[in-house]
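From first to last, the protein sequence lines stand for chains A and B. Note that the first sequence covers residues 1 to 322 in my numbering. Note that the second sequence covers residues 323 to 644 in my numbering. Heads up, the thing below is written out as structure tokens.
There are 2 protein chains.
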Amino acid sequence: MQPIVVDVMGGDNAPSAIIEGVRAAIDLGIPVELVGDPAKIENVDGITVHAALEVIGMADEPGRAVRTMKDSSIVRAAERVRDGHAGAMVSAGNTGAVAAAALLRMKRLKGVNRPAIATTLPVPGRAPKILLDSGAMADCQPEWLHQFAQMGSAFAQVRYEVKEPRVGLVSIGEEREKGNQLVKATHQLLADDSSLNFIGNVEGNDVLSGDVDVVVADGFTGNVILKTIEGTIKFLVDQIVTVLTAEEAVAVGAQALNHLAPIAAELNADAVGGAMLLGVNGVAIISHGSAGPTAVTNACQVAKDMVERDLLGELSAAVSSD
Amino acid sequence: MQPIVVDVMGGDNAPSAIIEGVRAAIDLGIPVELVGDPAKIENVDGITVHAALEVIGMADEPGRAVRTMKDSSIVRAAERVRDGHAGAMVSAGNTGAVAAAALLRMKRLKGVNRPAIATTLPVPGRAPKILLDSGAMADCQPEWLHQFAQMGSAFAQVRYEVKEPRVGLVSIGEEREKGNQLVKATHQLLADDSSLNFIGNVEGNDVLSGDVDVVVADGFTGNVILKTIEGTIKFLVDQIVTVLTAEEAVAVGAQALNHLAPIAAELNADAVGGAMLLGVNGVAIISHGSAGPTAVTNACQVAKDMVERDLLGELSAAVSSD
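Written out as structure tokens, the structure reads:
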């Protein structure tokens, strides 16, 4: 297969953590190449590096950055996929810029209205849940959300081998008449689509705990959900660590934290590798900005799997035009 | 002062928990009366009960329920405030029905476009945060969100004595150009309003942890945030309890949970009493459906405080028309 191209300049821990993760992926037999500025990286003996001399920053405005920084690692990575030199791309850089570069360079998958970012939410002891769109499209149409449901369902099958994934639509009440105008119109489209296992509306408290596999929302709502979950977990973990490392808890605190550590490990986004941009004509993984080596290695593995399992073909087959 | 009227039929634990909470409020010197079906309640010696023979269920469609069940406890409570017999109302019943009854019976506060539900988010060791709208208006206009910011800011000052409350607008990035169309238009209105201490956009992960006092969102987004926080806390607490009560943790688990208990207590919604419906011409508190006696007592105390501190006057002074 064609190699996975990895943006060596993207993410808070770039380039060292990216290189370390890529090296581990290569050791696993995954073909990987890098794109970035050769002058800014080291310890890349034996790894192919394609030169791209610009770097899009995490805070740069995505659309403008992609238009003006044509020799950036993100844009070049997307071009290598477009041109067939790479089978998939992985970047832990500016999420919006990766989405924009993939969309502008690879174009949309045939039949798809708009792309969506599908984020995997790990749930200890259960199958992970998929949330989409988690930030690509802030303002959506019902028809787009309908396709997000179809793509998310196909992705759950290809990526996690979930049979007949249960699709839920984020709203503010279970009843079909609950929600904003976008959600009410979308509900009807999903209910009428016999290709989906649509279970109806789900609420914010169902995202992690509910009996749902694919959680569908517009990119504004999805991103707010994702950040709220991350923030609430961090908030609570900070509180717990403060209490259990205080002097009063010295007798039991350290041991208790040892017992709790596996929960934190399972909730860690690094185990997932990254979010998948669905709906562009290429496999593109957007890793968390804080991605460490493990996340990068996992992202390469997932990218390889998605190419081998023909994710793009499955997505094309799943989408309908309203 | 006029008594606080409490809906004795509303909530998962009605009527017994409501009566218990009201009795405790009366013992604190707060004048409280009940509205509900006298045939369905007992142990109300010495408490005034106004008869209302219908009960709006938690799952009833709010608008229709309020229109058709004119002798329901929720509608009658709102009428007692409208008619000046009660100073404020408290209900742990159907949130939408309480909001609809208050709006239809009390009408809007002069100058207010739409009401909003302001929910208090307790934060251990810090001042609580106010989230609004947490569910009254699913589809909003920028001008409504602007008034939500003004009302939320006034409420934070009246209720929690926060000076120059920091107002944040929920979006998917800190920069002013980030967000959906509604948020981008609202950002401009808030930035131009010198009566507000507007700190800019906040993200989902800032709601609990950020340096913000008043978090402004449309009712759809706000409700999703609130439910996501509740669900994530419950999810994590369940995981922690499972681990710390397992056999492997027997040596330290019980003690560790004892150390952690105060966090749970501080995050408990009962301590807050309920959400405040802002923008109607009367003080109305919507308690959580799961409200226990403590929540009801606290809600009565807050209702009394808000009447005495002239919340309605402060809200009226705060709103501007765009």
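For every residue, glycine included, the Cβ atom is placed at its ideal position computed from N, Cα and C.
Discussion item. Please tell me whether Ala256 (chain A) has its Cβ less than 8 Å away from any Cβ of chain B.
Written reply: yes
Worksheet item: So what's Asp7 (chain A) in DSSP terms, helix, strand or just coil?
Response: strand
Worksheet item: Excluding sequence positions up to five away, which residues of its chain have a Cβ less than 7 Å from the Cβ of Val44 (chain A)?
Response: Ile19, Leu34
Worksheet item: With 8 Å set as the bound, which would you pick, yes or no: does the beta-carbon of Phe520 (chain B) sit closer than that to a beta-carbon of chain A?
Response: no
Fill in: Neighbour-count burial assignment, Glu203 (chain A), 16 or more Cβ in a 10 Å radius
buried
Practice prompt. Spell out the partners DSSP gives Arg108 (chain A) in its beta bridges.
Written response: A:Val280
Worksheet item: Do the region 89 to 101 of chain A and the region 6 to 23 of chain A make contact, defined as three or more Cβ pairs closer than 8 Å?
Response: yes
Practice prompt. Compare the C-beta of Lys129 (chain A) with all C-beta atoms of chain B and state if any pair is closer than 8 Å.
Written response: no
Worksheet item: What did DSSP end up calling Leu169 (chain A) once you bin it into helix, strand or coil?
Response: strand
Worksheet item: Which class does Gly292 (chain A) belong to by DSSP, given the choice of helix, strand or coil?
Response: coil
Worksheet item: Asn205 (chain A) CB to nearest chain B CB: under 8 Å?
Response: yes
Worksheet item: Under 8 Å Cβ-Cβ, which residues of chain A neighbour Lys556 (chain B)?
Response: Asn205, Ser209
Item to complete: Find out if the Cβ-Cβ distance for the pair Met106 (chain A), Arg80 (chain A) is shorter than 8 Å.
Response: no
Worksheet entry | Own chain, CB closer than 8 Å to Met151 (chain A), minus 5 neighbours either side, in chain order | Val112, Ala116, Ala118, Leu132, Leu278, Gly279, Leu315, Ala318, Val319
Item to complete: For Asn502 (chain B), go through chain A and note every residue whose CB falls closer than 7 Å to its CB, in chain order.
Response: Ala138, Asp139, Phe220
Worksheet item: Listed from N- to C-terminal order along the chain, which residues in the region 581 to 613 of chain B have their beta-carbon within a distance smaller than 8 Å of any beta-carbon of chain A?
Response: His581, Leu582, Pro584, Ile585
Discussion item. When you compare the region 385 to 393 of chain B with the region 565 to 582 of chain B, are there three or more beta-carbon pairs, one atom per stretch, that lie closer than 8 Å?
Written reply: no
Worksheet item: According to the Cβ coordinates, are Ala424 (chain B) and Gln324 (chain B) closer than 8 Å?
Response: no
Worksheet item: So which residues on chain B does Glu230 (chain A) lean against when the C-beta distance must stay under 8 Å?
Response: Gly526, Asn527
Worksheet item: Sorted by chain position, which residues of the same chain lie with C-beta nearer than 8 Å to Ile369 (chain B)'s C-beta, five sequence neighbours on each side aside?
Response: Ile341, Val344, Arg345, Ile348, Val354, Glu355, Leu356
Worksheet item: Taking only beta-carbon atoms, is Asn223 (chain A) less than 8 Å away from chain B?
Response: yes
Discussion item. Can you tell me where the alpha helix (DSSP H) holding Glu355 (chain B) begins and where it ends?
Written reply: No alpha helix (DSSP H) holds Glu355 (chain B); the beta strand (DSSP E) holding it covers 354 to 358.
Fill in: Beta-bridge pairing of Phe198 (chain A) - partner residues as DSSP gives them
A:Val167
Item to complete: Could you check which residue in B:Asp515, B:Arg481, B:Glu486, B:Gly532 has the C-alpha nearest to that of Val492 (chain B)?
Response: B:Gly532
Discussion item. When you compare the CB of Ala249 (chain A) with every CB in chain B, is at least one pair closer than 8 Å?
Written reply: yes
Worksheet entry | With 16 other Cβ atoms within 10 Å as the buried cut-off, status of Ala513 (chain B) | exposed
Item to complete: Select from B:Gly595, B:Ser456, B:Ile352 the residue whose C-alpha is nearest the C-alpha of Ala613 (chain B).
Response: B:Gly595
Discussion item. Let me check one thing: in DSSP terms, what residues is Gly88 (chain A) bridge-paired to?
Written reply: Checking the sequence shown, residue 88 (chain A) turns out to be Ala, not Gly. Looking at the DSSP assignment, Ala88 (chain A) forms a beta bridge with A:Ile4, A:Val283.
Worksheet item: In the DSSP assignment, what are the bridge partners of Val438 (chain B)?
Response: Per the sequence shown, residue 438 (chain B) should be read as Ala rather than Val. Answer is B:Leu600, bridged to Ala438 (chain B).
Worksheet entry | Contact list for the region 91 to 118 of chain A against chain B, Cβ threshold 7 Å | none
Discussion item. Using a Cβ-based criterion (distance less than 7 Å to any ligand heavy atom), does Leu504 (chain B) qualify as near the ligand HEM?
Written reply: Annotation note on the ligand HEM: not contained in the displayed structure, which lists no ligands.
Discussion item. Quick check: is the beta carbon of Glu143 (chain A) nearer than 8 Å to any beta carbon in chain B?
Written reply: no
Worksheet item: Which term fits Arg76 (chain A), buried or exposed, when burial requires 16 or more other beta carbons within 10 angstroms of its beta carbon?
Response: buried
Worksheet item: Of all the options B:Ile396, B:Lys549, B:Thr543, which has the alpha carbon lying nearest to the alpha carbon of Asn205 (chain A)?
Response: B:Lys549
Discussion item. Could you tell me the alpha carbon to alpha carbon distance between Ala583 (chain B) and Asp193 (chain A), rounded to whole angstroms?
Written reply: 47 Å
Fill in: Inter-residue Cα distance where the pair is Ile555 (chain B) and Ala51 (chain A)
46 Å
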